[in-house]
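Engineer: Dumping the structure here so I can ask a few things about it.
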Amino acid sequence: MVCKRMKPVIFLDMDGVCCDYPRAVIDKHGRDPDEVLAAWAREHRGKPDGYKIIGLSATLFWNAADHKEESFWANIEEYPWFRSLYDGLSALAPVLFLSSAGDNPRALSGKLKWLQARFGEGFQDYVFTLHKHQLARENAVLVDDYEVFVEMFREAGGKGVLFPQTWGSNHHIEDKIDYTLKEVAAHLHAANRCGSA
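Counting with my numbering, you get residues 55 to 251 for the letters of the sequence shown.
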């Protein structure tokens with residue numbers, strides 16, 4: 055196999071990795087996020103179907119947020135580990151935020167405002183698309199909490215790291231940041247070895 059040297063890049067998902075989208079959605083449904091997330095961890099650990107706890111279908115649970123105002127997206131709380139994760143990844147390679155925003159222009163503008171609130175109005179290191187796998191290549195690593203996106207990225211020729219969350223198959227990993235940084239570093243090292251062959 056012939057490998058071409060390409061500059062490395064890390065694609066970083068936003069919702070569920072950098073910001074607490076599940077908590078925001080649960081709150082929008084009028085339920086106590088702490089209670090629902092605790093029940094999710096007890097009763098649905100390792101599964102992305104915690105919405106069943108409040109008696110909704112996946113469509114009704116997740117899509118409710120797609121029609122919310124811009125402020126919903128702009129004001130989602132960042133996870134306490136966000137800065138450590140971003141800074142750690144940035145020390146390995148350039149980071150581009152990669153997030154899906156559906157077809158709601160308010161979601162797009164809200165997510166952009168979320169990023170600008172943290173990195174300034176001129177910040178442009180992001181891509182908004184549902185088709186994350188289209189950006190896959192040998193020296194690109196996707197960090198995402200949604201296993202489907204990670205698998206599609208891998209199948210398209212990129213590297214994928216599943217960010218540990220209650221709803222993922224690697225939910226048992228306690229140190230999310232250490233695990234993620236080590237996995238990304240290993241993928242980049244392997245890709246660079248290939249590029250120098």
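Positions of the beta carbon are idealized from the N, C-alpha and C atoms, including for glycine.
Every value quoted in this text rests on a predicted model; they were computed, and no experiment measured them.
If you reduce the DSSP assignment to three classes, tell me which class S111 lands in.
Structural biologist: Within the sequence shown, the letter at position 57 stands for residue 111. DSSP places S111 in coil when its eight states are reduced to three.
Engineer: Please report the residue range of the alpha helix (DSSP H) in which F136 lies.
Structural biologist: Reading the sequence shown from its first residue, position 82 is the one you call residue 136. It spans 136-144 - the alpha helix (DSSP H) in which F136 sits, taken as one unbroken run.
Engineer: Using the three-state DSSP reduction, which class does Y180 fall into: helix, strand or coil?
Structural biologist: Taking the sequence shown and counting its residues from 1, the one referred to as residue 180 is at position 126. Residue state, collapsed to three classes: strand.
Engineer: Report buried or exposed for Q178, applying the criterion of at least 16 other Cβ atoms within 10 angstroms of its Cβ.
Structural biologist: Counting from 1 along the sequence shown, the entry for residue 178 is found at position 124. Classification of Q178: exposed, given that the 10 Å Cβ count is below 16.
Engineer: If you compare alpha carbons, which of Q170, A118, Y140, L66 is closest to P76?
Structural biologist: Locating residue 76 in the sequence shown gives position 22, where the first residue counts as 1. Ranking Q170, A118, Y140, L66 by Cα distance to P76 puts A118 first.
Engineer: Starting from L166, trace the alpha helix (DSSP H) both ways and give me its first and last residue.
Structural biologist: For the purposes of this step, residue 166 is identified with residue 112 of the sequence shown, where counting begins at 1. Element bounds for L166: 159-173.
Engineer: With distances taken between CB atoms, is the gap from H241 to V181 smaller than 7 Å?
Structural biologist: Here residue 241 refers to the residue found at position 187 when the sequence shown is read from its first residue. Here residue 181 refers to the residue found at position 127 when the sequence shown is read from its first residue. No, Cβ-Cβ distance for H241 and V181 is not below 7 Å.
Engineer: Does the distance from the CB of P148 to the CB of V63 come in under 7 Å?
Structural biologist: Locating residue 148 in the sequence shown gives position 94, counting from the first residue. Locating residue 63 in the sequence shown gives position 9, counting from the first residue. In contact: P148 and V63 (Cβ atoms closer than 7 Å).
Engineer: Consider the C-beta atom of E201 and the heavy atoms of the ligand FMN; say whether any pair is separated by less than 6 Å.
Structural biologist: As presented, the structure is devoid of all ligands, the ligand FMN included, so that no description of it is given.
Engineer: For W94, does the count of other Cβ atoms within 10 angstroms reach 16, so buried, or fall short, so exposed?
Structural biologist: Position 40 of the sequence shown, counted from the start, is the residue given in the question as residue 94. Answer is buried; the Cβ neighbour count reaches 16.
Engineer: Expressed to the nearest angstrom, what Euclidean distance is found between the alpha-carbon atoms of I115 and R172?
Structural biologist: The count along the sequence shown starts at 1 and reaches residue 115 at position 61. The count along the sequence shown starts at 1 and reaches residue 172 at position 118. Sequence check: residue 115 is Phe here, not Ile. Going by the C-alpha atoms only, they are around 28 Å apart.
Engineer: Check each candidate in F207, L216, P159 and name the one with the smallest Cα separation from S125.
Structural biologist: Within the sequence shown, numbered from 1, the residue matching residue 125 stands at position 71. Measuring from the Cα of S125, the nearest candidate turns out to be P159.
Engineer: How should T234 be labelled, buried or exposed, when 16 other C-beta atoms within 10 angstroms of its C-beta is the threshold for buried?
Structural biologist: Along the sequence shown, one-based indexing puts residue 234 at 180. By the 10 Å Cβ count, T234 comes out buried.
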